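> So that we are looking at the same thing, I have put the structure below in C-alpha coordinates.
Shown next, in the form of C-alpha coordinates:
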(Lines of atoms letter the chains of each structure in order from A and count residues from 1; the text may use other names and numbers.)
(Lines give C-alpha, C1' and ligand atoms only; values in the text may rest on other atoms or scores of the structure.)
Protein backbone atom coordinates (compact mmCIF):
# COMPACT_ATOMS: atom_id res chain seq x y z
CA UNK A 1 0.00 0.00 0.00
CA UNK A 2 1.56 3.29 -1.07
CA UNK A 3 1.35 6.73 0.58
CA UNK A 4 -1.15 5.36 3.14
CA UNK A 5 -3.90 5.53 0.51
CA UNK A 6 -5.66 2.26 -0.31
CA UNK A 7 -6.03 1.87 -4.08
CA UNK A 8 -9.18 -0.07 -4.98
CA UNK A 9 -10.34 -1.64 -8.24
CA UNK A 10 -14.05 -2.49 -8.60
CA UNK A 11 -14.94 -5.52 -10.74
CA UNK A 12 -18.59 -6.30 -11.48
CA UNK A 13 -20.66 -6.73 -14.63
CA UNK A 14 -23.40 -4.47 -13.27
CA UNK A 15 -22.56 -0.78 -13.90
CA UNK A 16 -25.11 0.40 -11.35
CA UNK A 17 -23.51 -1.66 -8.60
CA UNK A 18 -20.02 -0.41 -9.48
CA UNK A 19 -21.31 3.18 -9.38
CA UNK A 20 -22.89 2.60 -5.98
CA UNK A 21 -19.71 1.08 -4.55
CA UNK A 22 -17.60 3.89 -5.99
CA UNK A 23 -19.91 6.48 -4.45
CA UNK A 24 -19.65 4.86 -1.02
CA UNK A 25 -15.87 4.55 -1.15
CA UNK A 26 -15.27 8.04 -2.54
CA UNK A 27 -16.49 9.55 0.74
CA UNK A 28 -14.01 7.58 2.84
CA UNK A 29 -10.63 9.22 3.62
CA UNK A 30 -7.65 7.09 2.68
CA UNK A 31 -9.45 5.03 0.03
CA UNK A 32 -9.15 5.80 -3.68
CA UNK A 33 -11.13 3.97 -6.37
CA UNK A 34 -8.55 3.88 -9.14
CA UNK A 35 -10.61 2.01 -11.73
CA UNK A 36 -13.45 -0.32 -12.69
CA UNK A 37 -13.80 -3.47 -14.78
CA UNK A 38 -16.87 -5.29 -16.07
CA UNK A 39 -15.44 -8.85 -16.22
CA UNK A 40 -12.51 -10.93 -15.09
CA UNK A 41 -10.48 -10.52 -18.24
CA UNK A 42 -10.69 -6.74 -18.07
CA UNK A 43 -9.88 -6.94 -14.35
CA UNK A 44 -6.57 -8.67 -15.09
CA UNK A 45 -5.62 -5.91 -17.52
CA UNK A 46 -6.64 -3.17 -15.10
CA UNK A 47 -4.71 -4.73 -12.21
CA UNK A 48 -1.60 -4.78 -14.37
CA UNK A 49 -2.10 -1.14 -15.40
CA UNK A 50 -3.27 0.36 -12.10
CA UNK A 51 -1.56 -1.77 -9.42
CA UNK A 52 -4.42 -1.64 -6.86
CA UNK A 53 -4.03 -2.72 -3.23
CA UNK A 54 -7.48 -4.35 -3.10
CA UNK A 55 -9.73 -5.74 -5.84
CA UNK A 56 -13.45 -5.98 -5.06
CA UNK A 57 -14.38 -8.93 -7.26
CA UNK A 58 -17.75 -10.30 -8.31
CA UNK A 59 -17.94 -14.07 -8.93
CA UNK A 60 -20.41 -14.59 -11.76
CA UNK A 61 -19.44 -12.46 -14.77
CA UNK A 62 -19.31 -12.90 -18.57
CA UNK A 63 -16.07 -13.47 -20.51
CA UNK A 64 -14.16 -14.58 -17.39
CA UNK A 65 -15.64 -15.17 -13.94
CA UNK A 66 -14.16 -14.05 -10.64
CA UNK A 67 -12.75 -17.47 -9.82
CA UNK A 68 -10.63 -17.70 -12.96
CA UNK A 69 -9.63 -14.04 -12.71
CA UNK A 70 -8.50 -14.49 -9.12
CA UNK A 71 -6.53 -17.62 -10.00
CA UNK A 72 -4.85 -15.88 -12.94
CA UNK A 73 -3.93 -12.81 -10.87
CA UNK A 74 -2.37 -14.98 -8.16
CA UNK A 75 -0.51 -17.10 -10.71
CA UNK A 76 0.85 -13.88 -12.23
CA UNK A 77 2.20 -12.82 -8.85
CA UNK A 78 -0.19 -9.92 -8.29
CA UNK A 79 0.21 -8.25 -4.90
CA UNK A 80 -3.46 -7.15 -4.86
CA UNK A 81 -5.70 -8.65 -2.17
CA UNK A 82 -8.95 -10.03 -3.59
CA UNK A 83 -12.20 -9.26 -1.75
CA UNK A 84 -15.10 -11.29 -3.12
CA UNK A 85 -18.45 -9.49 -3.15
CA UNK A 86 -21.14 -12.09 -3.64
CA UNK A 87 -24.76 -13.01 -3.08
CA UNK A 88 -23.38 -16.19 -1.43
CA UNK A 89 -25.80 -18.51 -3.19
CA UNK A 90 -23.12 -21.00 -4.25
CA UNK A 91 -20.83 -22.42 -1.56
CA UNK A 92 -18.78 -24.24 -4.19
CA UNK A 93 -18.05 -20.97 -6.01
CA UNK A 94 -16.87 -19.44 -2.75
CA UNK A 95 -14.56 -22.28 -1.85
CA UNK A 96 -13.05 -22.48 -5.32
CA UNK A 97 -12.33 -18.75 -5.19
CA UNK A 98 -10.68 -19.19 -1.79
CA UNK A 99 -8.46 -21.90 -3.24
CA UNK A 100 -7.72 -19.60 -6.17
CA UNK A 101 -6.30 -17.02 -3.75
CA UNK A 102 -9.05 -14.70 -2.51
CA UNK A 103 -8.48 -13.27 0.97
CA UNK A 104 -11.96 -12.14 1.93
CA UNK A 105 -15.70 -12.50 1.39
CA UNK A 106 -18.50 -10.03 1.85
CA UNK A 107 -22.17 -10.23 0.97
CA UNK A 108 -23.43 -7.66 -1.50
CA UNK A 109 -26.09 -6.82 1.06
CA UNK A 110 -23.42 -5.66 3.55
CA UNK A 111 -23.54 -2.09 4.76
CA UNK A 112 -21.04 0.64 3.81
CA UNK A 113 -19.18 0.33 7.13
CA UNK A 114 -18.65 -3.40 6.58
CA UNK A 115 -17.32 -2.82 3.07
CA UNK A 116 -14.91 -0.14 4.21
CA UNK A 117 -13.69 -2.27 7.12
CA UNK A 118 -13.17 -5.27 4.83
CA UNK A 119 -11.10 -3.21 2.40
CA UNK A 120 -8.94 -1.84 5.21
CA UNK A 121 -8.44 -5.32 6.70
CA UNK A 122 -7.30 -6.78 3.39
CA UNK A 123 -5.11 -3.80 2.57
CA UNK A 124 -3.33 -4.33 5.89
CA UNK A 125 -2.40 -7.84 4.77
CA UNK A 126 -4.98 -9.74 6.80
CA UNK A 127 -7.98 -11.79 5.69
CA UNK A 128 -11.68 -11.45 6.33
CA UNK A 129 -13.82 -14.53 6.63
CA UNK A 130 -16.37 -14.78 9.42
CA UNK A 131 -16.25 -18.00 11.48
CA UNK A 132 -19.79 -18.96 10.41
CA UNK A 133 -18.77 -18.58 6.76
CA UNK A 134 -15.65 -20.67 7.33
CA UNK A 135 -17.78 -23.41 8.82
CA UNK A 136 -20.39 -23.29 6.06
CA UNK A 137 -17.86 -23.52 3.26
CA UNK A 138 -15.45 -26.02 4.80
CA UNK A 139 -18.15 -28.30 6.21
CA UNK A 140 -19.56 -28.70 2.71
CA UNK A 141 -16.32 -28.98 0.76
CA UNK A 142 -14.45 -31.33 3.13
CA UNK A 143 -17.28 -33.71 3.98
CA UNK A 144 -15.91 -37.10 2.93
CA UNK A 145 -18.36 -39.83 1.70
CA UNK A 146 -19.11 -42.41 4.35
CA UNK A 147 -18.74 -45.22 1.78
CA UNK A 148 -14.97 -44.67 1.60
CA UNK A 149 -13.63 -45.36 5.11
CA UNK A 150 -9.89 -45.24 5.75
CA UNK A 151 -8.47 -48.76 6.21
CA UNK A 152 -7.62 -49.47 9.84
CA UNK A 153 -4.08 -50.47 8.94
CA UNK A 154 -3.29 -47.10 7.39
CA UNK A 155 -1.96 -44.22 9.44
CA UNK A 156 -3.29 -40.71 8.79
CA UNK A 157 -1.08 -38.69 6.47
CA UNK A 158 1.06 -36.41 8.62
CA UNK A 159 1.95 -32.93 7.38
CA UNK A 160 5.63 -32.37 6.65
CA UNK A 161 5.66 -28.85 8.11
CA UNK A 162 7.40 -28.67 11.48
CA UNK A 163 5.36 -26.39 13.73
CA UNK A 164 6.28 -25.72 17.33
CA UNK A 165 3.85 -26.80 20.04
CA UNK A 166 2.58 -23.22 20.42
CA UNK A 167 2.24 -22.76 16.64
CA UNK A 168 0.29 -26.02 16.46
CA UNK A 169 -2.02 -24.76 19.21
CA UNK A 170 -2.57 -21.42 17.46
CA UNK A 171 -3.22 -23.03 14.08
CA UNK A 172 -6.01 -25.11 15.62
CA UNK A 173 -7.47 -21.92 17.08
CA UNK A 174 -7.35 -20.28 13.64
CA UNK A 175 -9.32 -23.22 12.27
CA UNK A 176 -11.99 -22.55 14.89
CA UNK A 177 -12.25 -18.95 13.68
CA UNK A 178 -10.60 -17.22 16.64
CA UNK A 179 -9.18 -13.75 16.07
CA UNK A 180 -5.71 -12.72 17.26
CA UNK A 181 -7.30 -10.94 20.21
CA UNK A 182 -9.29 -14.06 21.14
CA UNK A 183 -6.15 -16.21 20.93
CA UNK A 184 -4.15 -13.74 23.03
CA UNK A 185 -6.83 -13.77 25.72
CA UNK A 186 -7.05 -17.57 25.71
CA UNK A 187 -3.29 -18.08 25.94
CA UNK A 188 -2.65 -15.16 28.31
CA UNK A 189 -0.14 -13.53 25.97
CA UNK A 190 0.04 -10.20 24.19
CA UNK A 191 -1.55 -9.60 20.73
CA UNK A 192 1.90 -8.83 19.30
CA UNK A 193 3.11 -12.27 20.38
CA UNK A 194 0.16 -13.94 18.66
CA UNK A 195 0.75 -11.90 15.52
CA UNK A 196 4.36 -13.09 15.42
CA UNK A 197 3.31 -16.73 15.84
CA UNK A 198 0.67 -16.39 13.10
CA UNK A 199 3.26 -14.85 10.74
CA UNK A 200 5.62 -17.76 11.43
CA UNK A 201 2.83 -20.27 10.79
CA UNK A 202 1.96 -18.65 7.45
CA UNK A 203 5.63 -18.66 6.42
CA UNK A 204 6.09 -22.33 7.32
CA UNK A 205 2.90 -23.39 5.54
CA UNK A 206 3.71 -21.29 2.49
CA UNK A 207 0.34 -19.50 2.54
CA UNK A 208 -0.43 -15.79 2.42
CA UNK A 209 -3.05 -15.37 5.14
CA UNK A 210 -5.04 -17.06 7.91
CA UNK A 211 -7.88 -18.11 5.59
CA UNK A 212 -5.49 -20.15 3.49
CA UNK A 213 -3.85 -21.54 6.63
CA UNK A 214 -7.26 -22.96 7.56
CA UNK A 215 -7.65 -24.48 4.10
CA UNK A 216 -4.15 -25.98 4.37
CA UNK A 217 -5.06 -27.55 7.71
CA UNK A 218 -8.14 -29.25 6.26
CA UNK A 219 -6.52 -30.33 2.99
CA UNK A 220 -3.58 -31.96 4.77
CA UNK A 221 -5.72 -33.85 7.26
CA UNK A 222 -4.14 -31.73 9.98
CA UNK A 223 -7.51 -31.29 11.66
CA UNK A 224 -10.90 -32.88 11.09
CA UNK A 225 -14.28 -31.22 10.90
CA UNK A 226 -14.89 -32.40 14.45
CA UNK A 227 -11.59 -31.07 15.81
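Numbering (my numbering), first residue to last: 8 to 234. All residues carry an ideal CB built from backbone N, CA and C; glycine is no exception. Quick caveat: nothing in here was measured; it's all calculated off a predicted structure.
Under 7 Å Cβ to Cβ from residue 53, same chain only, skipping five residues before and after it: list those, please.
16, 42, 44
> Please classify residue 43: does DSSP put it in a helix, a strand, or coil?
strand
> Could you give the distance in angstroms between the alpha-carbon of residue 216 and the alpha-carbon of residue 56?
25 Å
> Any idea what DSSP makes of residue 170, helix, strand or coil?
coil
> Check residue 5 in the structure and name its three-state DSSP category.
This structure cannot settle anything about residue 5, because the visible part of the chain is limited to 8 through 234.
> Please classify residue 36 as buried or exposed, where buried requires at least 16 neighbouring CB atoms within 10 angstroms.
Around the beta carbon of residue 36, fewer than 16 other beta carbons sit within 10 angstroms, so the residue counts as exposed.
> Could you tell me the alpha carbon to alpha carbon distance between residue 125 and residue 111, rounded to whole angstroms?
8 Å
> Excluding the 5 residues flanking residue 201 on each side, which residues of the same chain have their C-beta closer than 6 Å to its C-beta?
187, 190, 191
> Compare the Cα-Cα distances from residue 222 to each of 171, 92, 103 and report the closest residue.
The residue from 171, 92, 103 with its alpha-carbon nearest to that of residue 222 is 103.
> Please state whether DSSP places residue 102 in a helix, a strand or coil.
helix
> Considering only their Cβ atoms, is the gap separating residue 46 from residue 68 smaller than 7 Å?
yes
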